Each structure stands twice: as structure tokens, then as C-alpha cells.
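Structure first, commentary second.
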Amino acid sequence: MKRNRLQKESPIEKFFYWIIIIALALFSLSIILPFVHILALSFNGGKDTAMGGVYFWPRAFTLNNYKEVFSDNRIINGYKITLARTILGTFLSVLLTAMAAFALKSKTLPGRNFITFMIFFTTLFGGGVIPYYMLLKELHLRNTFWVYVIPSLYSAWNIIMMRTFFDSLGTELEESAKLDGCGYFRIFFQIILPLSKPVVSVIALFNGVGHWNDWFTGAFYVTDRNLQPVQTVLQEMLTNQQKLKSLMINSYQSAMSAKTLVTGDSLKMATVMVTTVPIMCVYPFIQKYFTKGVMIGAIKG
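Every letter in the sequence shown is one number past the one before it in UniProt numbering, and letter 159, counting from 1, is 159.
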């Protein structure tokens, strides 16, 4: 079928078709190859890495880089904070966003249009870093775990997108359930949510990636190093040479040979992989819902 379609196309159409294919292939390689390069360096001996010439395959394979990364208690603690905020923050955000969108879906809700407008209005202006810092201070959220969770419970765009999806489901099922004696909570949890897997998956992905990759909150609003997420630790490691030196001192003491000695660059690469791979492993499981959910929100929004 594909061959027949290409045979029917004009030479110009075929030319642009292959131009698009080549452009997409080059774009994909520009994303994949740097990742493979970092992966190879993370498994390569530090001294050998310093000599250069390692590109897409480790020349002196070793696990010492990862051993030193996971021997740092701050990275382990940062992982725990990141996992906790990602799981709890994503779950609560999706649940509360869905409940808010379900309420706004009801045309009998008093002030429905005004509430929707006020939610949208918040997307037009931002208070800035200093007012936000003062707000967190007054709410006693600074230097607490909840500074990662509570401010991100709601997103105006997510509420609007989810409400748009709920509107596309129609009212027939909801009205039939009401005739059978179902209450709003039962309708929401047993009818609406099961039918909303695409948009729920998209919002869960956005929230999960946002929580996992957020280093800014831990760097600016949390001074307790035991409460900082792993991304903040990584950001500090990449910009603060003193942090690298403290890790390298331990690696020098435990190195078995000069060939597998850990260096600053090899530690950086291993830490980048440790913080990147987990969130990448989640995407394939919800990829089938991702495009559908985004398209529905875009078309009907």
C-alpha cells in the first residue's frame, strides 16, 4: 500500500517526502546520539575517559562511577524526596484537577462561567519570584516537604483541558447513572474517570515529569539539604566543583586501580543517567494515551 501510494505521487511530492524523512531521522539522531554518548561515558573508567576518544561504547567498562554516585547519602536521600514528591504530588494533582474539572463540567454549577474565567485569568499574569517566596514563607511551606506538593496541586491549563475532555463525553451516561440512583462521587469514580484514561495519562505525565525534573524549588525555597530533591543535587554537582571534589575524595580512597579511577566528568555522566533514566522508563507505558489526550484538548479547547 505504501509503495502504491509513492508510485502515484509526483516527483516533487516524492522529493519532499524523502526530505521530511531525512530531516526527522537527523533530528532523532541529534537527540539519541548525545544520550548514548553520555551513557557510554558513565560506564567508562574515569582515567580512560580523561584521555578522550570514547564516543558511543565504553572502552574501559566499569561500574565504579555508579558505585560512587550511590554511595553518596545526599543523592540517595534526594532520590527518596524526588520519588515521594513525584508519586504523591502527581496522584493528588491528577485527582484534584479531575474533581475540579468534573465540577466545572456541570452546567448547573452556580457561577460556572465566572469560576472558569477566574481560573483562566490566573494564566495571564505571574506574581514573580519574590512575591511567591513571601507567600511560601507566610504559609510556612519553606523548608518543608509540602513546598513540593501543595503549590502544584492545581494547574489552570490542566483543569481547562480536562474539563474540555469531560464535555466531549456528553451527558447521557451521567444522566442515566443519576436515574439509577448514583451519586456524584460514584459517577465520577466509576464512570467518568475510567473513560478519561487518555487525558488522565497526559496530565499525569506532565505532572510526573515536572516533579521529577524540578530543581528550582529545592534550590531557592529549601535550605535544608536533607529535603532537597535529586535534581537539585545534580544541578549543584554540575555547577559546584566543591561538591564534585567531596565525591572524588571518596572515590580515590576506594579505587582499586588507576584504570578505573573515578573523575569529575565520569561522576557527572553517571549522575545525569541516574536522574534521567527512571522517568524515561515511564513514558512507553502511557505513550498510547499521550497523543490522543493532547489532540482532544487541543481540538476542542
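The beta-carbon is built from N, C-alpha and C at its ideal position, and this holds for glycine as well.
All of these numbers come straight from a predicted model, not from anything done at the bench.
Straight through space, the alpha carbons of A103 and L96 are spaced by roughly 11 angstroms.
L227: not part of any alpha helix (DSSP H); DSSP gives it neither H nor E.
Here P131 is exposed, its C-beta having fewer than 16 other C-beta atoms within 10 Å. In this model, A40 and Y55 are separated by some 7 angstroms (Cα to Cα). Within the segment 37-125, complete beta strand (DSSP E) segments of at least 3 residues are not found at all.
Taking a contact to require three or more Cβ pairs closer than 8 angstroms, the segment 163-179 and the segment 123-137 do not qualify as touching. Non-local beta-carbon contacts of L136 in its own chain, meaning distances under 8 angstroms to residues more than five positions away in sequence, involve R142, V147, P151 and Y221 in chain order. The three-state secondary structure of T276, taken from DSSP, is helix. With a beta-carbon spacing of about 7 angstroms, I191 and E174 fall inside the 8 angstroms limit used to define contacts. Of the candidates I31, F145 and L169, the residue whose Cα lies closest to the Cα of H211 is F145. Under the 8 angstroms Cβ criterion, the segment 183-199 does not count as touching the segment 72-86, having fewer than three qualifying pairs. In this structure, A101 places its C-beta atom within 7 angstroms of the C-beta atom of R163.
L238 and M118 have their C-alpha atoms spaced approximately 40 angstroms apart. Here DSSP, grouped into helix, strand and coil, assigns Y132 to helix.
Per the coordinates, the alpha-carbon of V230 lies some 11 angstroms from the alpha-carbon of F216. Annotation: I191 is outside any alpha helix (DSSP H) and is labelled neither H nor E by DSSP. Take L88, set aside five residues on each side of it, and the residues of its chain with a beta-carbon closer than 8 angstroms to its own are V149, in chain order. Taking G170 as reference, the option from T90, A156 and K105 with the minimal CA-CA separation is K105. The C-beta separation of V69 from A270 comes to about 5 angstroms, placing the pair in contact by the 8 angstroms criterion. The alpha-carbon of V94 is positioned some 12 angstroms away from that of W157. Going by C-alpha positions, I22 is about 10 angstroms away from S28. At a Cβ-Cβ threshold of 7 angstroms, G78 and A60 do not count as neighbours.
Rounded to the nearest whole angstrom, the C-alpha separation of L33 and M51 is 20 angstroms.
CA-CA distance, A98 to V200, rounds to 8 angstroms. In the DSSP annotation of this structure, the continuous segment of the alpha helix (DSSP H) that includes I160 starts and ends at A156 to S168. For the options I279, A219 and T263, the alpha carbon positioned closest to that of F206 is the one of I279. For G218, the enclosing alpha helix (DSSP H) starts and ends at F216 to F220. In this structure L153 touches L92 by the C-beta definition: roughly 6 angstroms separates them, less than 8 angstroms.
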